[in-house]
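Participant: When you line the sequence shown up against the working numbering, it's residues 7 to 153, in that order.
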Amino acid sequence: MNNDISTEDYLKGIAKARKDLTSLIDKIRKEKYKGSDELWVGADVAIDTKAPPRSTAWWPPQDDYVVTPYCKELSWLFRQLRDIFYECQLIDASNKEEFFGWLADAAIAYMETTDDGVGNCEALLLATHLEAEVILKKMLCQLPHGE
Numbered sequence: 007m008n009n010d011i012s013t014e015d016y017l018k019g020i021a022k023a024r025k026d027l028t029s030l031i032d033k034i035r036k037e038k039y040k041g042s043d044e045l046w047v048g049a050d051v052a053i054d055t056k057a058p059p060r061s062t063a064w065w066p067p068q069d070d071y072v073v074t075p076y077c078k079e080l081s082w083l084f085r086q087l088r089d090i091f092y093e094c095q096l097i098d099a100s101n102k103e104e105f106f107g108w109l110a111d112a113a114i115a116y117m118e119t120t121d122d123g124v125g126n127c128e129a130l131l132l133a134t135h136l137e138a139e140v141i142l143k144k145m146l147c148q149l150p151h152g153e
């Protein structure tokens with residue numbers, strides 16, 4: 007939980023994020039990501055068609071890569087999710103790496119379940135979106151409950 011906001015504002019943020027996530031499903035299905043060409047690099051995650059060679063040096067830390075031919079589309083989704091969760095004050099500098107790491111793991115896990123290791127664009131985006139919904143539920147469950 008972002009400790010800089012009240013519990014009431016946090017709950018309002020969760021409610022708004024849930025509504026925005028529902029709207030985002032429609033954007034995915036209507037292919038609103040078309041024309042997006044900016045690749046995601048941030049919060050220790052990078053998305054591209056291939057990963058650079060891994061360095062054996064311990065510094066600087068290296069990003070985790072999501073490698074997919076749908077890198078532009080997935081990057082679009084990461085930006086949409088970033089905007090939703092930041093606007094609702096649910097993620098900040100203290101938890102962004104964990105948040106985007108979970109999204110990256112979900113995308114990779116989806117691709118690993120497919121016969122070709124790639125899958126299809128919409129299914130990849132929806133699997134990643136589903137992880138955002140799971141994260142939102144975890145955020146709600148972390149709130150202390152009254153007696």
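Backbone N, C-alpha and C fix where the C-beta goes; we use that ideal spot for every residue, glycine too.
(1) Helix, strand or coil: how does DSSP classify Ile-53 here?
(2) Using only alpha-carbon positions, find the residue among Lys-144, Lys-22, Ala-110, Asn-101 that is nearest to Leu-132.
(3) Go to Asp-122, then tell me how far its beta strand (DSSP E) extends in each direction, as first and last residue.
(4) Exposed or buried, Cys-94, counting other C-beta atoms within 10 Å across all chains shown (16 or more means buried)?
(5) If the criterion is Cβ atoms closer than 8 Å, does the pair Ile-31 and His-135 meet it?
(6) Would you call Glu-153 buried or exposed, if buried means 16 or more other Cβ atoms sit within 10 Å of its Cβ?
(7) According to DSSP, is Tyr-92 part of a helix, a strand, or is it coil?
(8) Using only the alpha-carbon positions, how far apart do Pro-59 and Ser-81 sit?
Facilitator: On the basis of the supplied data:
(1) In the three-state reduction of the DSSP assignment, Ile-53 falls in the strand class.
(2) Ala-110
(3) Looking at the DSSP string, Asp-122 is not in any beta strand (DSSP E), and its letter there is neither H nor E.
(4) buried
(5) yes
(6) A caution first: Glu-153 carries a pLDDT of 43, below 50, which makes its placement in the model unreliable, though a value can still be read off. By the neighbour-count definition (other C-beta atoms within 10 Å, threshold 16), Glu-153 is an exposed residue.
(7) helix
(8) Spanning the alpha carbons of Pro-59 and Ser-81 requires a straight line of approximately 21 Å.
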